[in-house]
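Here the structure comes first, spelled out in structure tokens, and everything after it is commentary.
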Amino acid sequence: MKSCWLNNQNNENLIVFFAGWSFDEKPFKFLQCNNYDVLFVYDYNNFEIPQELKNINQYKHKFLITWSMGVFVANLLKDIFTDFEYKMAINGTISPVDNEFGIPVKMFELTLKHAKIGLEGKFYKNVFQTEEEFQKYEKTPVERTIENRVSELENLYSEIKEQKEITTKEFYNFAIVSEFDKIIPPKNQIASHNKNTVKVLKIPYGHFPFYHYSSWDEFLECK
17 MKSCWLNNQN NENLIVFFAG WSFDEKPFKF LQCNNYDVLF VYDYNNFEIP QELKNINQYK
77 HKFLITWSMG VFVANLLKDI FTDFEYKMAI NGTISPVDNE FGIPVKMFEL TLKHAKIGLE
137 GKFYKNVFQT EEEFQKYEKT PVERTIENRV SELENLYSEI KEQKEITTKE FYNFAIVSEF
197 DKIIPPKNQI ASHNKNTVKV LKIPYGHFPF YHYSSWDEFL ECK
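Quick note: the sequence shown uses this note's numbering, first residue 17, plus one each step.
The structure is reproduced here in structure tokens:
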């Protein structure tokens, strides 16, 4: 795992964000941080906890926002978030490859098989709801190499297959599900959250809803 600060101004409020597969901080820099320090976590080629994430005891108020595959990864590390006031999942589940509660297995394995080709175009077109959003992304695209992103997906799938029975045990407080998500079927997301008694808010966007918000704390206001 890697991490970077989007804002580090010794605020008393902290948001930790776990990104989805293949992303880095570049497409998210437009979001205003306001009175929050924001720590961005990404690149799951390994699951070692970044040093920055170990040194956050000084914050008075801490919030976790996770997206896509980041929902699964943060749940693996649930013990380090016990003192967080609020934990939110966006367009992801704790069972990310699952015919009922995540991406259907055949669909995921096709994505993995053709990951290099998908990363060169089609995958990101499906991430965004409209051509306008995709063009906006192309102005500040991910800068990681395709090889790095392919190996990340392979590592994620290895970890997913090792996790037999995953439960939240009241880990996530709230979930946002985009009704036009082309990556993870919305009905599967809702089924997962209902199973784990997580409150759900449906929004009329695609898998990457962030362009419809202007600041990180707007997500906390959705609860």
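For glycine and all other residues, C-beta sits at the position ideal for the given N, C-alpha and C.
| Check | Outcome |
| --- | --- |
| In this structure, does DSSP put TYR58 in helix, strand or coil? | strand |
| Which of the three DSSP states, helix, strand or coil, is assigned to ASN23? | strand |
| Can you tell me which of the three DSSP states LYS18 falls into? | strand |
| DSSP state of PHE34, grouped into three classes? | strand |
| Does the Cβ of ILE72 lie closer than 7 angstroms to at least one heavy atom of the ligand NAP? | With respect to the ligand NAP, the structure shown offers nothing to examine, as it has no ligands at all. |
| Check for me: the alpha helix (DSSP H) holding VAL166 runs from which residue to which? | 162 to 178 |
| Counting along the chain, where does the alpha helix (DSSP H) carrying VAL87 start and finish? | 85 to 92 |
| Taking the alpha-carbon positions, what's the GLN205 to TYR221 distance? | 14 angstroms |
| Go through its chain and collect everything with a Cβ distance to ALA244's Cβ below 8 angstroms, but skip five positions before and after it. | It is not possible to answer for residue 244, since the shown part of the chain is limited to 17 through 239. |
| According to DSSP, is TYR229 helix, strand or coil? | coil |
| Within a Cβ cutoff of 6 angstroms, which residues of the same chain sit near MET104, ignoring the five residues on either side of it in sequence? | ILE81, PHE190 |
| Could you tell me the alpha carbon to alpha carbon distance between LYS155 and LYS42, rounded to whole angstroms? | 10 angstroms |
| Residues in its own chain within less than 8 angstroms of TRP37 by CB, not counting five upstream and five downstream? | TYR60, SER84, MET85, ARG165, GLU168, LEU169, LEU172 |
| With DSSP collapsed to three states, give me the class of LEU135. | helix |
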